[in-house]
Amino acid sequence: MAREEHLLSTEIVNRGISDEGSQTFSVRVRRRLPDFLQSVNLKYVKLGYHSLIKHGIYLAILPVLVLVFSAEVGSLSREELWRKVWDSTTGYDLATVLSFVALFVFTMSLYIMSKPRPIYLLDFACYKPSDDLKVTKEQFIELARNSGKFDESSLEFQKRILRSSGIGDETYVPKSIGSSENTVTMKEGRLEASTVMFGALDELFEKTKIRPKDVGVLVVNCSIFNPTPSLSAMIINHYKMRGNILSFNLGGMGCSAGIIALDLARDMLQANPNNCAVVVSGEMVGYNWYPGKERSMLIPNCFFRMGCSALLLSNRRRDYHRAKYSLEHIVRTHKASNDRAFRCIYQEEDSQRYKGLKISKDLVEVGGDALKTNITTLGPLVLPLSEQLFFFGNLVWRHLFGNKNAKTNNNNNNSQQANSIKPYIPDYKLAFEHFCVHAASKTVLDELQRNLELSEENMEASRATLHRFGNTSSSSIWYELAYLEAKEKIRRGDRVWQIAFGSGFKCNSAVWKAIRRVKKPSTNPWLGCVDRYPESLTQ
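Those letters in the sequence shown? Residues 21 to 559, by the working numbering.
Here it is, written out as structure tokens:
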């Protein structure tokens, strides 16, 4: 327990005066994200540096070749240079020259063909539900009360969670949650799925002017609702897509599944040239509604809201000029081999046989460990060379001499200074211009901001999305990118870091590079409300 004291934070709440006139208060103890930048595992750094060295050998050889060539040529005048070139070539016959040219062309063609095809993001769409589904926090509690499924203790608990959640008064929920009947039905699930998925896809096809029959790859991810026929089959049936489409349906993979679906679509596009892919990410709130009394299973009710995203990818080089972004990197981290990580978000039945998602108290700590692994692997791929050298040198120094200092300090009974060498925290703001962090909750965003030393501007898109749309699961990172576009913050060459985490436990990152300046879109879920942010974030 003593080792975990630094992970706990205290807060005085419920100040008041008792019946006897004396002052009273309560102390709330919360668990924080571990300061994962203080303890980076060397093996994850090696993974990132292995990838860097694998592609960086060309960068190391090229300067040497340039120096040798410059030293050889720099000592010659123009006339001497041409004379030397002429004398060296006249000794070869035409067949030898043609063979050399043919070999050179073949080698260059083979190199170009072996390179991974660039993946372009042509455009994306985020579904904005109709206003009749919009609720305030008070209306949300009234819907829950009118359903007759919750006692006053459960309602009061959800009310307290909402007050500190960071969620605003304009989020969207399905009408079914206010019904006294069972909402976890296939009928309600299909109705919500068709509403959000077709709404996002209609907007995507309208924006890109692409026909559904031209789509060669379709990937759909939804964690909880997985009917038969699948959600991908629902889309193919609705839009009458072609019969040889490569379709995939990912289920049970949590809030980070959007990047997993993106990774699968990328692999399919690498294997199928001259093609385009559609990725649909969403979650069905009504089907995941928990009507019981278990508090750890009531938490998802308070955070999850309606939403869905759809994006169009292409590997066709002719689409470069119409694309918005190119995909630079995807880094995936999976911690399911650890039992605690595996069960920190777990779907099960409670004592009354009501099904729901159980959120463990270990979630924040497990999430911090997964995030630590992910960003440590991503760092060498994206950080400037100066940051990599500082970080790696500091890490090796602490790895070699940290234990010696720790033993010395332990002998002096000074556990507070177990490592006198201060860790170097890489500045990820030098690698990215924009950050899209999964809008899970206000607490999670606060801790991520503190650990990564991000500014309020860096976190603006995530906090605005949580406030305006709530936690829309795997689609939240696209609502955040839509916010940045609505604010006209994306410039040519900007790099965007999307990072999401979810059950398993998984933490995944995607890095995009803006191909052009993105002007304010004509259709965007933020139109009409974006000017209110960020002023209303704390209201």
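The beta-carbon is built from N, C-alpha and C at its ideal position, and this holds for glycine as well.
Which term fits residue i, buried or exposed, when burial requires 16 or more other beta carbons within 10 angstroms of its beta carbon?
{"i": "Ile121", "result": "It is worth fixing the name first, because residue 121 is Val in this sequence and not Ile. The residue is exposed, with fewer than 16 neighbouring Cβ atoms inside 10 Å."}
{"i": "Ala484", "result": "buried"}
{"i": "Gln290", "result": "exposed"}
{"i": "Asn544", "result": "buried"}
{"i": "His341", "result": "exposed"}
{"i": "Met261", "result": "buried"}
{"i": "Arg511", "result": "exposed"}
{"i": "Leu420", "result": "exposed"}
{"i": "Thr205", "result": "exposed"}
{"i": "Glu172", "result": "exposed"}
{"i": "Leu403", "result": "buried"}
{"i": "Leu221", "result": "buried"}
{"i": "Trp417", "result": "exposed"}
{"i": "Asn264", "result": "exposed"}
{"i": "Gly413", "result": "exposed"}
{"i": "Pro311", "result": "buried"}
Taking the alpha carbon of residue i as the point to measure from, which residue in the options has its own alpha carbon closest?
{"i": "Phe251", "options": "Ser214, Asn308, Lys378, Pro293", "result": "The question names Phe, but residue 251 in the sequence shown is Leu. Of the candidates Ser214, Asn308, Lys378, Pro293, the one whose C-alpha sits nearest the C-alpha of Leu251 is Ser214."}
{"i": "Thr393", "options": "Arg515, Val239, Arg352", "result": "Arg352"}
{"i": "Ile365", "options": "Ile350, Asp382, His354", "result": "Asp382"}
{"i": "Asp189", "options": "Phe362, Glu480, Arg325", "result": "Arg325"}
{"i": "Arg180", "options": "Glu158, Ile197, Glu201", "result": "Glu158"}
{"i": "Glu473", "options": "Asp171, Gly490, Tyr448", "result": "Tyr448"}
{"i": "Phe521", "options": "Trp546, Thr492, Arg165, Lys539", "result": "Thr492"}
{"i": "Phe218", "options": "Glu477, Ser371, Arg418, Ala330", "result": "Ala330"}
{"i": "Val386", "options": "Ala361, Tyr374, Gln372, Ile395", "result": "Ala361"}
{"i": "Gly236", "options": "Leu332, Leu270, Asp466", "result": "Leu332"}
{"i": "Leu465", "options": "Glu477, Ala451, Arg363, Ser482", "result": "Ser482"}
{"i": "Ala538", "options": "Ser523, Ser529, Gly513", "result": "First, the residue type needs correcting, since residue 538 is Val and not Ala in the sequence shown. Ranking Ser523, Ser529, Gly513 by Cα distance to Val538 puts Gly513 first."}
{"i": "Asn528", "options": "Leu504, Trp417, Asp389", "result": "Asp389"}
{"i": "Lys227", "options": "Asn358, Cys146, Asp359", "result": "Cys146"}
{"i": "Ile279", "options": "Cys242, Arg315, Ser267, Tyr310", "result": "Cys242"}
{"i": "Leu405", "options": "Met304, Pro446, Ser200, Glu477", "result": "Pro446"}
{"i": "Phe525", "options": "Leu504, Asn358, Tyr374", "result": "Asn358"}
{"i": "Met304", "options": "Ile197, Val457, Ala164", "result": "Ile197"}
{"i": "Leu401", "options": "Ala451, Leu415, Trp417", "result": "Ala451"}
{"i": "Val216", "options": "Met254, Asp551, Glu201, Gly413", "result": "Met254"}
{"i": "Trp309", "options": "Ser174, Glu477, Tyr374", "result": "Tyr374"}
{"i": "Glu505", "options": "Met128, Asp143, Ser97", "result": "Asp143"}
{"i": "Pro554", "options": "Tyr499, Ser523, Trp517, Arg488", "result": "Arg488"}
{"i": "Gly490", "options": "Ser185, Ile395, Ser276, Gly548", "result": "Ser185"}
{"i": "Ser496", "options": "Ala115, Gly312, Ala459", "result": "Ala459"}
Please classify residue i: does DSSP put it in a helix, a strand, or coil?
{"i": "Cys296", "result": "strand"}
{"i": "Lys63", "result": "With a pLDDT of only 48 at Lys63, under 50, the local geometry of the prediction cannot be trusted, and the value read off the model is given with reservation. If DSSP states are grouped into helix, strand and coil, Lys63 belongs with the helices."}
{"i": "Trp417", "result": "helix"}
{"i": "Gly219", "result": "helix"}
{"i": "Glu625", "result": "Lying outside 21 to 559, the shown extent of the chain, residue 625 is not represented and no answer is given."}
{"i": "Trp102", "result": "helix"}
{"i": "His458", "result": "coil"}
{"i": "His234", "result": "Per the sequence shown, residue 234 should be read as Asp rather than His. The answer is helix: DSSP assigns Asp234 an H, G or I state."}
{"i": "Arg159", "result": "Position check: residue 159 holds Gln in this sequence, whereas Arg was assumed. Helix at Gln159."}
{"i": "Arg537", "result": "coil"}
{"i": "Arg165", "result": "helix"}
{"i": "Gln178", "result": "helix"}
{"i": "Val239", "result": "strand"}
{"i": "Ala438", "result": "Low per-residue confidence applies at Ala438: pLDDT is 41, beneath 50, and the placement is therefore not dependable, though the value from the model is reported in the following sentence. The answer is coil: DSSP assigns Ala438 none of H, G, I, E or B."}
{"i": "Ala356", "result": "coil"}
{"i": "Tyr345", "result": "strand"}
{"i": "Ser329", "result": "strand"}
{"i": "Leu547", "result": "coil"}
{"i": "Pro554", "result": "coil"}
{"i": "Arg515", "result": "strand"}
{"i": "Tyr147", "result": "coil"}
{"i": "Gly272", "result": "coil"}
{"i": "Val531", "result": "strand"}
Taking the CB atoms as reference points, tell me whether residue i and residue j lie closer together than 8 Å.
{"i": "Tyr192", "j": "Pro149", "result": "yes"}
{"i": "Lys462", "j": "Leu486", "result": "yes"}
{"i": "Ser380", "j": "Arg363", "result": "yes"}
{"i": "Asp370", "j": "Met317", "result": "yes"}
{"i": "Glu453", "j": "Arg536", "result": "no"}
{"i": "Gly209", "j": "Phe245", "result": "yes"}
{"i": "Arg286", "j": "Ile350", "result": "yes"}
{"i": "Asn478", "j": "Phe455", "result": "yes"}
For the putative contact between residue i and residue j, defined by C-beta atoms under 8 Å, what is the C-beta separation to the nearest angstrom?
{"i": "Val240", "j": "Asn269", "result": "5 Å"}
{"i": "Gly327", "j": "Gly302", "result": "7 Å"}
{"i": "Lys540", "j": "Glu508", "result": "5 Å"}
{"i": "Glu368", "j": "Lys378", "result": "6 Å"}
{"i": "Ile139", "j": "Asn335", "result": "6 Å"}
{"i": "Phe177", "j": "Arg315", "result": "6 Å"}
Does any C-beta atom of chain D lie closer than 8 Å to the C-beta of residue i?
{"i": "Pro541", "result": "Absence of chain D from the displayed structure is noted, only one protein chain being present."}
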